[in-house]
Structures are given as C-alpha cells and as structure tokens.
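I have placed the structure first, in the form of structure tokens, so that the comments after it can refer back to it.
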Amino acid sequence: MAEYCSQCRPFEKSFDIDLFQIALKLERDYSTSFLCERCNNRAIYKDEQGLIYLVRFERNDYNYYPVNIEDLIKLKPSGSYLKGNFDFNIKKS
Ligand SMILES: [Zn+2]
Numbered sequence: 066m067a068e069y070c071s072q073c074r075p076f077e078k079s080f081d082i083d084l085f086q087i088a089l090k091l092e093r094d095y096s097t098s099f100l101c102e103r104c105n106n107r108a109i110y111k112d113e114q115g116l117i118y119l120v121r122f123e124r125n126d127y128n129y130y131p132v133n134i135e136d137l138i139k140l141k142p143s144g145s146y147l148k149g150n151f152d153f154n155i156k157k158s
C-alpha cells in the first residue's frame, strides 16, 4: 500500500507519515527516515541545537532544508511540489 507524507496528503486528511509528529518526537542529533511515494521527502533530522531539517532526495543527493516545527503543522495539501515549490519557507544551508 502506498504511503504519503503530510506534505502531499493526496486524500486530504488521510496520510501515513506525519512530518510534524515525527519532528515532535525526535531527540537531538537523531533523524527519522521514511519513504513517501509521492515526493522527495525522505527524513526529518534534528541537530544538536534542536534545529529541525527536512531532508529531501534531489539530484541524487540528500539536501537538508531547515524548517520551523510550526511550518510542518501548516503544510497544506497541494500539488505545488510538482512545480518544485514548497508550501513553507526554506533556506538552503
Ligand atoms: Zn510526500
């Protein structure tokens, strides 16, 4: 059965991988990886300072995007990832 993250949420309120809950439960210096079948999101990582990163697999590489945990709640279901955009502000480190 296909699994989708809460950023994709193709069936509105139905999703399998809750990015916010994952980030909430993470301890510092740990990451949780998952496989969303619809987008490039691959893991959530929390660094030693408690900063949270969304890890995406792009161009054969893992890229870390700093995110606010609040942004993970506000993620809206949309197809915007198809255009390469995000639903929240990210800064490439
Ligand atoms: Zn996804």
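For what it's worth, the working numbering labels the leading residue of the sequence shown as 66, then goes sequentially.
Backbone N, C-alpha and C define an ideal beta-carbon position, used for all residues, glycine too.
As the structure is a computational prediction, the values presented were derived from the model and not from experiment.
Three-state class that DSSP yields for residue i in the structure shown
i	result
L119	strand
D136	helix
A67	coil
Alpha-carbon spacing of residue i relative to residue j, whole angstroms
i	j	result
K111	F85	12 Å
Y118	P131	4 Å
E102	I138	20 Å
D126	I82	21 Å
Q72	R124	20 Å
N133	I87	13 Å
Classification of residue i by the beta-carbon crowding that lies within 10 angstroms, buried from 16 upward
i	result
Q114	exposed
R107	buried
For residue i: DSSP bridge partner residues
i	result
I109	T97, L119
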